[in-house]
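Have a look at the structure below, then the notes.
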Amino acid sequence: MSPDFYFALTLFVRMAVTAAFLIAATVTAERAGPLIGGLVATLPISAGPIYIFLAIDHGAHFVGQSALGSMITNAFNIAFAVVYCLLAQKRSLVVSLVGAFALWAVLTWIVNQVHPGLWGAIAINVVALAGGLWLVSSLRHVQFPRMRTYWYDYVLRATMVAVLVGIVVTLSHHIGATASGNLAVFPIVLTSIIIILHPRVGGPATAAVMSNAVVGLGGFAVAMLVLHLVADALGSVWSLLLTLAISVGFNLLIFYAQRRMKTA
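Just so you know, the sequence shown maps onto residues 1231 to 1494 in the numbering used here.
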């Protein structure tokens, strides 16, 4: 088997596996309501498999450095979700999504000129999370109507995330760890959920999902911080397992805290 054919085959398998995982997770999110939907959307649905592939191809040190890039981009994803939520209250899908991506792109460009280190990444996430929670706190509790999912919805999300996996895995050999980490958490899952939900349930209901996603992105930032700090010491397997446990555990705590507040 030629090296090029082997690379193409393994890349296809990686893209297919990640796409299948994304479909299962996002279907669950859409059928479980805004709180669970937002929290599931911020689990490492697409980033998790990408990091596994980066670990296989490059090792633990590369993964740890990539996590710093992902942590920085996570703050921009919070801003992305917040801007969408605010615009979606009265604006169309196109206007809301374009506005969210415009801010995401501007923030990415600005920070890429500065190259913040670890403390800069932490500060950006703290500011984004604090401001984001304040801005969307009143938007999380909107009644979410029942909706029907169509076959082409699955094709859309599978294609979007598969392309992202292919780009990151292929370019990781050329663009380095930090840029690979930036791309690994491109808001592909949030975008696919918005594109599918907004035309069917409306902007405010979709914004309720994204508002809860802002909370979950705080946990994802913590998970990426831990991955950056422990990857070299623990190795790829244990550091990635710990990162997954932190992300899932944080979202479970948020879920049970929200449930207790409702029943109190």
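Idealized CB from N, CA, C, for every residue including glycine.
- Here the alpha carbons of Q1343 and R1489 stand approximately 42 Å from one another.
- Look at S1326 here: in three-state DSSP terms it is helix.
- Between the alpha carbons of L1470 and L1265 lies a distance of about 25 Å.
- Under the 10 Å beta carbon count, L1457 is surrounded by 16 or more other beta carbons and is classified as buried.
- Here DSSP, grouped into helix, strand and coil, assigns H1371 to coil.
- Fewer than three beta-carbon pairs drawn from the segment 1295-1306 and the segment 1427-1444 are found closer than 8 Å, and the two stretches are therefore not classed as touching.
- For R1321, no alpha helix (DSSP H) segment is defined, and its DSSP state is neither H nor E.
- By the Cβ test, the segment 1325-1332 is not in contact with the segment 1404-1414, since fewer than three Cβ pairs between them sit closer than 8 Å.
- Inter-segment contact for the segment 1437-1447 and the segment 1280-1288 is absent: fewer than three beta-carbon pairs are separated by less than 8 Å.
- Beyond the five residues adjoining it in sequence on each side, A1358 comes within less than 7 Å, by CB distance, of A1305, I1308 and A1309 in the same chain, given in chain order.
- Residue range P1264 to A1271 is occupied by the alpha helix (DSSP H) that includes P1264.
- G1432 carries a coil assignment under DSSP once its states are collapsed to helix, strand and coil.
- Restricting attention to alpha helix (DSSP H) runs no shorter than 4 residues, the segment 1276-1324 encloses them at 1277-1288 and 1290-1318, ordered along the chain.
- At the C-beta level, S1466 and V1293 come within 9 Å of one another.
- For V1357, the enclosing alpha helix (DSSP H) stretches over residues L1348 to V1366.
- Distances from the CA of L1455 to each of W1334, A1353, I1286 and Q1319 were compared; the closest alpha carbon is that of A1353.
- Residues of the same chain with a CB within less than 6 Å of the CB of V1313, apart from the 5 flanking positions on each side, are G1329, A1330 and L1333 in chain order.
- H1371 places its beta carbon 9 Å or farther from that of A1311.
- Closest option to V1366, judged by alpha-carbon separation, among I1418, Q1319 and G1299: Q1319.
- In this structure, L1474 lies away from V1460, with their beta-carbon atoms at least 9 Å apart.
- In the three-state scheme derived from DSSP, where H, G and I count as helix and E and B as strand, H1458 is classed as helix.
- Judged by beta-carbon spacing, G1278 lies beyond the 9 Å limit of A1409, meaning their Cβ atoms are not closer than that value.
- Closest option to T1338, judged by alpha-carbon separation, among P1417, A1453 and V1356: P1417.
- Between the alpha carbons of G1406 and Q1295 lies a distance of about 9 Å.
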